[in-house]
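This report concerns only the one structure given below.
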Amino acid sequence: MKKRAPEERSIAQLQDALQASEQISSAIVETAVNAIITIGDSCIIETANTATERLFGYQRSELIGRNISMLMPQPYRDRHDGYVENYLHSGVKRIIGIGREVVGQRKDGSVFPIDLSVGEAVLPSGRRIFTGIIRDLTERKALEDKILHISEEEQARIGQDIHDDLCQQLAAIGCLAKVAQKKLTNAGSAEAQSLAEIVQLVSKANTRARETSRGLMPVVIDSGGLMAALEELAESTARAFEVACDFRYDNPVQVNDNNLSVQLFRIAQEAVSNAVKHGQAGRVDIHLARQSGNIVLTVRDNGIGIPDSPAKGTGMGLLTMSHRAQMMGGTLKIEPRTGGGTQVTCSVPAPAKNP
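To get our numbering, take the position in the sequence shown, counting from 1, and add 844.
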């Protein structure tokens, strides 16, 4: 039997090793829990693993050769190719190498939250490919929504207790103090002035307690809409905390989705509360605008800025704001302002029916 030359054995071994490596890579992709999809720069699906079929409800043969936008709901479906084209021309990354929570759409039309991370590679031939790893966030989001619901219920209970108990007690103390002050005044006592100051302090405490109670109660955006609610938030903040707080807008912004209005209001409420309670702000500005198909809420303050270690109690509030923004398919940015203070910006897609 003729023996193979060392060179032939070496080539054969390399081929065997390459084949084994490809089999291992294929097995890893196929057995991955998360969906893995590759596309070219034309956004056409080239490969998809078993988890992709399971997650989106399509057979692989229904995916290969079609545009990746088929797995997205509107308005993202129509915008996706433009995002990729813009990246190829500008190099500005929106998701590539960063990752983001977005929304996917199954074959049956149902939408669900996903975590999407995208990697980019340039092959030896010069061809560019993108690999997306998709994780289903349905269960996590359901848990977060439940926690948020429980938090709202607990806030409402505390708010009701403050209104029915503490505010009533403060009102009673105020009345008794006024009666005592009147008696001391009639008696010509020098202590009347001190008691007058106590009456004033109790009145301020009662006002702040009532505003706090109102802030904890369930939000109802009435016929006046989000703009009226934000105007009232600014006014009540100014009354309760004795700071300058204004609501501003360049053009009226009508939000016809009540849930969207409530979530944006809660974000504004939390941002304003953080500014005056933890940021020691003397001025807070709330701004609402419509920009490029998005509704943008901005809260600016002139406080001490973002601390290296957030104060106790603010961490959960920041997480809740972020979650509310994600629930609406939007983004939340918290950043320091030039010259001091903090700016909170929430941008969410405007509802299709919005004018």
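Cβ coordinates follow ideal geometry from the N, Cα and C atoms, glycine included.
- For R904 and D1101, the gap between their C-alpha atoms comes out near 37 Å.
- Taken atom to atom, the span from the alpha-carbon of G884 to that of Q1170 is near 28 Å.
- The beta carbons of I1006 and S1057 sit closer together than 8 Å.
- In the DSSP assignment, T1081 falls within the alpha helix (DSSP H) that extends over 1069-1085.
- Assigned with DSSP and collapsed to three states, H1122 falls in coil, not helix or strand.
- Its Cα nearest to that of C887, the residue E964 stands out among K1121, I1148, V1099, E964.
- Straight-line measurement puts the Cα of Q1113 at about 16 Å from the Cα of S1191.
- In this structure, G976 lies near V962, with their beta-carbon atoms less than 8 Å apart.
- Of all alpha-carbon atoms in G1032, V966, E945, V1043, the one lying nearest the alpha-carbon of R984 is that of E945.
- The C-alpha of I1148 lies about 5 Å from the C-alpha of G1123.
- Secondary structure note for G963: its beta strand (DSSP E) is the uninterrupted segment 955-966.
- Annotated as proximal: L1077 and I1130, with beta-carbon spacing under 8 Å.
- The shortest C-alpha to C-alpha distance from I939 to any of K1121, F956, F974 is the one to F974.
- If you look at N1138, you'll find it isn't in any alpha helix (DSSP H); it sits in the beta strand (DSSP E) that goes 1138-1145.
- With a threshold of 16 other beta carbon atoms within 10 Å, G941 falls short and is exposed.
- Ranked by how close their Cα comes to the Cα of E897, the residues G1003, K951, G1126, S934 have K951 in first place.
- Restricting attention to V1140, I881, T1142, the CA atom closest to the CA of L899 is found in I881.
- P917 sits close to V955, with the two beta carbons spaced by under 8 Å.
- In the three-state DSSP reduction, Q857 falls in the helix class (H, G or I).
- When DSSP states are grouped into helix, strand and coil, T1182 belongs to the coil group.
- In this structure, the CA atom of T982 is about 38 Å from the CA atom of R1054.
- Remark: C-beta atoms of G1126 and A1084 do not approach each other more closely than 8 Å.
- The shortest C-alpha to C-alpha distance from M1172 to any of Q867, G1184, F1109, A1119 is the one to F1109.
- Check the Cα spacing between Y1093 and each of A1119, K1121, E1086, Q1135: the tightest is with Q1135.
- In the same chain as N878, and ignoring 5 residues on each side of it, the C-beta atoms closer than 7 Å to its own belong to A895, I977, I978, R979, in chain order.
- Beyond the five residues adjoining it in sequence on each side, V928 comes within less than 6 Å, by CB distance, of C887 in the same chain, given in chain order.
- Of N1050, A1034, E1179, A1194, the smallest CA-CA separation from N1103 is found for A1194.
- Within the same chain, and ignoring the five residues on either side of G1137 in sequence, the residues whose Cβ sits closer than 8 Å to its Cβ are P919, P1193, A1194.
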